[in-house]
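Here's the structure, in structure tokens; my notes come after.
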Ligand SMILES: C[S@@+](CC[C@H](N)C(=O)[O-])C[C@H]1O[C@@H](n2cnc3c(N)ncnc32)[C@H](O)[C@@H]1O
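Residue numbers (this note's numbering): 1 to 430.
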């Protein structure tokens, strides 16, 4: 490493990127400590500036790419770089896929774990996101809509996005136009758009009070964009529908569910199909009862209930109510028992789970520490984990293995292409 003189900003260094970290940033070494450089690949020779501390090392930015590494590729999106929506478009596809799959193995190895069978990476194509959250900010000049840069308060204003399905892409320009007169200067909003079977469901979340004229502007936008529903929330009160043109429906295991505004669903239909396929394949023949923990609106509950009795627990009351109402209207009413339950504060106890045949759990990114302690102590023979975070999954897997389960198989799934995030399904048995 050759040091250059300080020139404004932080210290400048010339170095070679050695590895790719868990969030998709390149890692080089400065003073024996890691320097994280976004949008670099191993082998890149760069002139970089150290901009601050990060974890046990430094963060920095590339001033000049002196020599590209062997797996560098041209990013397909013109917004790649300033936009924080993607971290890894600048890497050759094969190397990218290998890195993605490796994130699961690395996380498990750190906890001393290895699945008996590790399946190859299953992939979901970009351009298939059916659920997305954009940020909006009204400046004095214009309305910005897009994604925040990583670790920054800068919002990248986009007019296209290669991640989302065409129906969501078609909303970017009309949303700019509709929010411009509605948001006051310096006012922010978050816009969650979900592509349902009956059209797009939009939820706008902003602290700003709505005037009558704003309601009219947004209702007209819903009409012109043929939305299924458009709702507004201040983040405290129940969302208010400003336009309700069709029921926003998604079908899980043959059961149509009327989604709550902004309610969680898997971000892609393809990813959901892979998850359901893997979960159902792991359910042993003859299983009669299952617990579906962190059930959402019933992604796994309804396919499971085709074959068995299901107890579904979920913390978000609106999602749970949607699941319950859909079950009541379906032919599976007698097979689904749904309970609103905070599984961090009131996990389903080992004694309650014991005697069942299958547990499925699919927690948020911070994992299921408290719930997994109970699962580890129960006698259910098959436990199926779905996770969008290999690190918290590996921590929870360790608890299950320490409780006597075997980690039978695991499948990494790239449901979040070009990002550092990885989805996975794992099967435990005792
Ligand atoms: C990754 S989503 C999975 C949902 C569902 N299994 C699916 O595939 O659509 C995680 C779910 O956990 C719920 N959740 C988050 N924290 C929770 C808690 N402490 N107790 C119960 N549910 C919680 C969220 O509301 C969300 O529905």
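All C-beta atoms in this analysis are idealised placements derived from N, C-alpha and C, irrespective of residue type, glycine included.
Contact defined as beta carbons within less than 8 Å: I believe residue i pairs with residue j. What is the distance between those atoms, to the nearest angstrom?
i	j	result
residue 402	residue 373	Their Cβ separation, rounded to whole angstroms, is 10 Å, which puts residue 402 and residue 373 out of contact at 8 Å.
residue 158	residue 221	Actually they are not in contact, since the Cβ atoms of residue 158 and residue 221 sit about 18 Å apart, beyond 8 Å.
residue 444	residue 364	Residue numbering for the chain in the displayed model covers 1 to 430; residue 444 lies beyond these limits and cannot be assessed.
residue 326	residue 258	7 Å
residue 284	residue 357	7 Å
residue 144	residue 172	Not a contact, Cβ separation roughly 12 Å.
residue 400	residue 386	Not a contact, Cβ separation roughly 14 Å.
residue 454	residue 41	The structure shown does not extend to residue 454, since the chain is modelled only from 1 to 430, so the question has no answer here.
residue 291	residue 311	5 Å
residue 84	residue 149	4 Å
residue 205	residue 190	5 Å
residue 50	residue 11	5 Å
residue 348	residue 298	About 17 Å separates the two Cβ atoms, so there is no contact after all.
residue 369	residue 404	Not really, about 18 Å apart at Cβ, beyond 8 Å.
Taking all protein chains shown into account, do 16 or more other C-beta atoms lie within 10 angstroms of the C-beta of residue i, making it buried, or fewer, making it exposed?
i	result
residue 136	buried
residue 36	buried
residue 343	buried
residue 48	buried
residue 423	buried
residue 261	buried
residue 212	exposed
residue 152	exposed
residue 351	exposed
residue 185	exposed
residue 394	buried
residue 436	What is shown of the chain runs 1 to 430, which leaves residue 436 out entirely.
residue 154	exposed
residue 236	exposed
residue 74	exposed
residue 160	exposed
residue 272	buried
residue 116	exposed
residue 100	buried
residue 141	exposed
residue 392	buried
residue 67	exposed
residue 114	exposed
Using a threshold of 7 Å, state whether the C-beta atoms of residue i and residue j are closer than that.
i	j	result
residue 313	residue 341	yes
residue 129	residue 268	yes
residue 302	residue 355	no
residue 479	residue 71	This structure cannot speak to residue 479, because the chain is shown only from 1 to 430.
residue 246	residue 219	no
residue 165	residue 195	yes
residue 264	residue 315	no
residue 118	residue 410	yes
residue 367	residue 87	no
residue 323	residue 338	yes
residue 217	residue 249	no
residue 24	residue 44	no
residue 30	residue 46	no
Practice prompt. Note down, one range per segment and in chain order, each alpha helix (DSSP H) of at least 4 residues found wholly within the segment 278-351.
Written response: 301-305, 317-329
Fill in: Contiguous alpha helix (DSSP H) assignments of at least 4 residues, all confined to the segment 119-182
As far as the segment 119-182 is concerned, its whole alpha helix (DSSP H) runs of at least 4 residues are 166-169, 172-182.
Worksheet item: Which ranges would you report for the beta strand (DSSP E) in the segment 71-119 if only whole runs of at least 3 residues count?
Response: none
Discussion item. Could you tell me which whole beta strand (DSSP E) segments of length 3 or greater appear in the segment 217-273?
Written reply: 229-233, 240-244, 249-252, 255-258
Discussion item. Which complete alpha helix (DSSP H) runs does the segment 355-423 hold, if anything under 4 residues is left out?
Written reply: Taken in chain order, the complete alpha helix (DSSP H) segments of 4 or more residues contained in the segment 355-423 are 369-376, 390-402.
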